[in-house]
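Residue numbers (this note's numbering): 2 to 627. Where a beta carbon is used, it is the ideal one built from N, C-alpha and C, also for glycine. The structure under discussion appears below in the form of structure tokens.
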């Protein structure tokens with residue numbers, strides 16, 4: 002029996018969607034030939050539709066009943082098909098089979114299987130490590146590193162395991178863990194994480210977490226567990242199928258017993274078939290997906306819009322989502338006796354050869370503002386984690402953080418400058434101090450900038466009854482500064498991937514449906530865990546897009562309120578479709594019981610309802626909230 006079922010399932014899957022489309026085209030043509038009698042055949046042409054569309058429905062119903070006693074809509078359809086054929090109503094049987102298979106095809110096209118980003122995460126896992134043993138340095142597989150081992154990491158290499166720096170200093174790109182674009186300065190005693198990238202200086206570290214306990218491996222497991230825990234929505238037609246089957250069989254049996262006319266009973270079964278019910282959801286979803294596509298959304302999970310309509314909280318990653326993710330110069334503050342332009346000139350010249358993101362940002366913003374190229378520095382020297390030193394027009398220029406400035410005893414920060422810099426630091430900015438010879442001549446404040454459309458977008462979301470939440474790997478000051486400008490009250494700063502996931506889980510346990518908007522690898526677990534995950538498709542990582550249900554192709558977050566409103570409108574359309582189809586069925590059943598409606602006319606009336614459902618769903622294609 003088991004082998005027979007497996008063979009039947011194999012035959013049903015053979016050819017896939019292409020086969021289904023071909024069968025539907027042939028069956029549709031056969032039904033047209035049958036109803037208008039266009040071609041004389043030794044049999045009713047409707048039998049082609051029964052064989053191509055009806056047989057698969059009957060086989061699926063039988064397999065479902067045998068393997069799991071699973072009563073779905075196809076059980077009632079199968080009963081109606083067989084009964085129609087038994088009394089010679091071939092066209093009615095073929096018509097019902099065609100409509101049901103059309104609905105199934107639409108559903109299959111709508112509900113796409115999400116690709117997993119786990120394989121790509123695995124590829125991020127460091128392969129090798131430089132093991133230090135005495136004076137020797139040996140390259141070994143990263144999985145062989147043990148707790149307590151000494152490991153060296155060179156510039157450009159990926160940190161193989163979690164550990165503590167014991168010598169050297171550097172800047173680490175932690176975007177894989179925090180999502181933040183700016184590198185983090187690290188020195189002796191600081192913790193580093195596996196999967197992050199060493200950008201500038203070489204350092205030695207002591208391994209503290211290895212193998213399955215390392216940060217990158219924990220994140221892989223988070224993505225896997227979050228995906229497994231996300232329940233799929235069962236289609237309404239299948240959810241109600243048991244009750245529909247019971248009601249249809251009861252009504253048909255009672256009518257047959259009372260009237261003694263089997264044709265009335267068969268008509269009841271035909272009009273009771275949930276064709277419109279099956280079409281109600283997928284047609285509306287497909288139309289809504291088409292609408293979303295025109296506004297820059299790629300819906301990867303068919304039921305994502307159903308889930309989105311119920312969302313009460315929408316959590317945002319900050320960098321690259323609400324902000325551009327690129328540092329910008331927000332202020333150039335000169336010391337007394339120096340001009341703003343003078344400070345900017347020296348800073349850009351000093352940083353002209355820098356590969357650090359902050360240095361590059363200063364040069365880029367200088368070019369954009371002044372319209373000229375900075376003077377190229379000479380004797381350029383980068384100090385990892387601190388800044389740069391160079392000669393500009395024969396004078397020594399320093400551009401760096403407080404750590405670099407404090408190393409020179411002659412460089413003293415005034416009280417006013419310290420207070421001014423503190424104001425920008427509290428707003429989440431990064432400060433680069435500029436010194437000329439032995440004198441501090443000013444500082445430059447850099448910060449990630451908010452997208453122009455973010456503020457209005459947040460306001461519209463609130464109007465729709467959705468509360469925004471900020472989840473960021475950035476520090477508290479930066480997070481609060483951004484949130485204040487946008488009107489976001491719920492803030493969670495310093496979040497690692499696990500923190501974002503736990504935060505969403507907490508909201509869900511409190512009965513909230515959550516949507517997550519993110520762009521980085523670090524957002525993948527949260528995107529999977531959320532009821533709906535939306536990834537920035539343009540600037541976002543492939544892994545984030547793979548983890549999400551919806552991708553925002555052009556990164557225009559201003560369209561998010563439209564997507565939320567569209568999902569709510571789609572659910573309204575589905576409810577209207579369902580109410581109409583059930584009401585029509587009730588009227589048709591009443592007429593069938595009284596004998597006023599035969600199987601063929603019943604099928605036509607019933608399927609006319611299906612057409613109206615499709616037309617109503619199609620209106621979503623051009624819908625826009627006024």
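>> If I measure Cβ to Cβ from residue 256 and keep anything under 7 Å in the same chain, skipping five residues before and after, which residues do I get?
In response: Looking up residue 256 in the chain shown gives position 255. Excluding residues within five positions, the ones whose Cβ falls inside 7 Å are 265, 266, 269 and 594.
> Roughly how many angstroms separate the alpha carbons of residue 448 and residue 510, rounded to a whole number?
Replying inline: Here residue 448 is taken as the residue at index 447 of the chain shown, counted from 1. Here residue 510 is taken as the residue at index 509 of the chain shown, counted from 1. For residue 448 and residue 510, the distance between alpha carbons rounds to 35 Å.
>> DSSP three-state label for residue 152, please.
In response: Counting from 1 along the chain shown, the entry for residue 152 is found at position 151. In the structure shown, residue 152 sits in a strand (DSSP, three-state: E or B).
>> Among the candidates 94, 347, 385 and 25, whose CA atom is the shortest distance from the CA of residue 368?
In response: Counting from 1 along the chain shown, the entry for residue 368 is found at position 367. When only C-alpha atoms are compared, the closest one is 347.
> Does DSSP put residue 404 in a helix, a strand or coil?
Replying inline: Residue numbering aside, residue 404 sits at position 403 when the chain shown is read from its first letter. Residue 404: helix per DSSP, three-state reduction.
> Taking all protein chains shown into account, do 16 or more other C-beta atoms lie within 10 angstroms of the C-beta of residue 620, making it buried, or fewer, making it exposed?
Replying inline: As a working mapping, residue 620 is identified with position 619 in the chain shown. Residue 620 should be labelled exposed.
> So what does residue 445 bridge to, in DSSP terms?
Replying inline: Translated into positions along the chain shown, residue 445 becomes position 444. DSSP, once it has assigned bridges, lists 333 and 433 as partnering residue 445.
> Leaving out five residues before and five after residue 513 in sequence, what residues of the same chain have Cβ atoms less than 6 Å from its Cβ?
Replying inline: Along the chain shown, read from residue 1 onward, the residue named residue 513 stands at position 512. 313 and 314.
> How would you write the range of the alpha helix (DSSP H) that residue 308 sits in, first residue to last?
Replying inline: Counting from one through the chain shown, the residue named residue 308 turns up at place 307. Note, residue 308: alpha helix (DSSP H), 305-309.
>> Taking its Cβ as the centre, do 16 or more other Cβ atoms sit within 10 Å of residue 149, making it buried, or is it exposed?
In response: Counting from 1 along the chain shown, the entry for residue 149 is found at position 148. The residue is exposed, with fewer than 16 neighbouring Cβ atoms inside 10 Å.
>> Quick check on DSSP: helix, strand or coil for residue 115?
In response: In the chain shown, counting from the first residue as 1, residue 115 sits at position 114. Unreliable placement is indicated for residue 115, whose pLDDT of 35 sits below 50; no coordinate value is reported for it.
> Is it right to say residue 548 is buried, meaning 16 or more other beta carbons lie within 10 angstroms of its own, or is it exposed?
Replying inline: Start at 1 with the first residue of the chain shown, and residue 548 comes out as number 547. When all chains shown are included, residue 548 counts as buried.
> Buried or exposed: where does residue 567 fall if 16 or more other Cβ atoms within 10 Å of its Cβ makes it buried?
Replying inline: On the chain shown, residue 567 is found 566 positions in, with the first residue counted as 1. By the 10 Å Cβ count, residue 567 comes out buried.
> For the beta strand (DSSP E) that residue 139 lies in, which residues bound it at each end?
Replying inline: Locating residue 139 in the chain shown gives position 138, where the first residue counts as 1. Where residue 139 is concerned, the enclosing beta strand (DSSP E) stretches over 137-142.
> Based on the DSSP output, what are the partners of residue 44 in its beta bridges?
Replying inline: As a position in the chain shown, residue 44 is number 43, starting the count at 1. None, per the DSSP bridge assignment.
>> If distances are taken between C-alpha atoms only, which option among 431, 452, 450 and 451 comes closest to residue 444?
In response: Counted from its first residue, the chain shown places residue 444 at position 443. The shortest C-alpha separation from residue 444 is found at 431.
>> Taking the straight line between their C-alpha atoms, what separation do you get for residue 190 and residue 292?
In response: For the purposes of this step, residue 190 is identified with residue 189 of the chain shown, where counting begins at 1. For the purposes of this step, residue 292 is identified with residue 291 of the chain shown, where counting begins at 1. So the alpha carbons of these two residues sit roughly 53 Å apart.
>> Going by DSSP in three states, residue 213 sits in which element: helix, strand or coil?
In response: Sequence index remark: in the chain shown, residue 213 carries index 212 (1-based). Residue state, collapsed to three classes: helix.
> Taking only runs of the alpha helix (DSSP H) that begin and end inside the region 472-542, which ones reach a length of at least 4 residues, in chain order?
Replying inline: 477-487, 498-510 and 525-530
>> Can you find the residues in the same chain that come closer than 7 Å, C-beta to C-beta, to residue 16, ignoring five residues on each side of it along the sequence?
In response: Here residue 16 is taken as the residue at index 15 of the chain shown, counted from 1. Result list for residue 16: empty, nothing under 7 Å.
> Going by DSSP, what residues sit across from residue 130 in a beta bridge?
Replying inline: For the purposes of this step, residue 130 is taken as the residue at position 129 of the chain shown. According to DSSP, which records beta bridges pairwise, residue 130 is partnered with 141.
> Should residue 102 be labelled buried (16 or more other beta-carbon atoms within 10 Å of its own) or exposed?
Replying inline: By one-based count along the chain shown, residue 102 stands at place 101. Residue 102 comes out buried.
> Between residue 98 and residue 54, which are expected to be in contact by the criterion C-beta below 8 Å, what is the C-beta distance as a whole number of angstroms?
Replying inline: Taking the chain shown and counting its residues from 1, one reaches residue 98 at position 97. Taking the chain shown and counting its residues from 1, one reaches residue 54 at position 53. With a Cβ gap of about 4 Å, residue 98 and residue 54 count as contacting.
> Terminal residues of the continuous beta strand (DSSP E) containing residue 391?
Replying inline: If you number the chain shown from 1, residue 391 lands on position 390. Element bounds for residue 391: 388-393.
> Grouping DSSP H, G and I as helix and E and B as strand, with all else coil, what is residue 602?
Replying inline: To locate residue 602, count along the chain shown from 1; it is residue 601. Three-state DSSP puts residue 602 in a helix.
> Do residue 156 and residue 130 have their C-beta atoms closer together than 8 Å?
Replying inline: Position 155 of the chain shown, counted from the start, is the residue given in the question as residue 156. Position 129 of the chain shown, counted from the start, is the residue given in the question as residue 130. Taking 8 Å as the Cβ cut-off, residue 156 and residue 130 do not qualify as a contacting pair.
> Given that a residue counts as buried once 16 or more other Cβ atoms are within 10 Å of its Cβ, and exposed if not, what is residue 609?
Replying inline: Taking the chain shown and counting its residues from 1, the one referred to as residue 609 is at position 608. So residue 609 counts as exposed.
> Is it the case that the Cβ atoms of residue 472 and residue 501 are separated by a distance below 8 Å?
Replying inline: Along the chain shown, read from residue 1 onward, the residue named residue 472 stands at position 471. Along the chain shown, read from residue 1 onward, the residue named residue 501 stands at position 500. Yes, these two residues count as a Cβ contact at 8 Å.
> Considering only residues of the region 16-62, which uninterrupted alpha helix (DSSP H) runs meet the minimum length of 4 residues and lie entirely inside it, listed in chain order?
Replying inline: 17-37 and 47-50
>> Give me the residue from 245, 197 and 46 with the minimum Cα distance to residue 582.
In response: Position 581 of the chain shown, counted from the start, is the residue given in the question as residue 582. Among 245, 197 and 46, the Cα nearest to that of residue 582 is on 245.
> Contact between the region 399-407 and the region 301-311: three or more CB pairs below 8 Å?
Replying inline: no
> Taking the DSSP output, what are the residues bridged to residue 169?
Replying inline: Counted from its first residue, the chain shown places residue 169 at position 168. DSSP lists 204 as partners of residue 169.
> By a C-beta neighbour count over all protein chains shown, 10 Å radius and 16 as the cutoff for buried, is residue 324 buried or exposed?
Replying inline: Position 323 of the chain shown, counting from 1, holds the residue named residue 324. Buried, since its Cβ has 16 or more Cβ neighbours within 10 Å.
> When the Cα of residue 290 is compared with those of 506, 409, 32 and 550, which residue comes out closest?
Replying inline: By 1-based counting over the chain shown, the position of residue 290 is 289. Nearest C-alpha to residue 290: 550.
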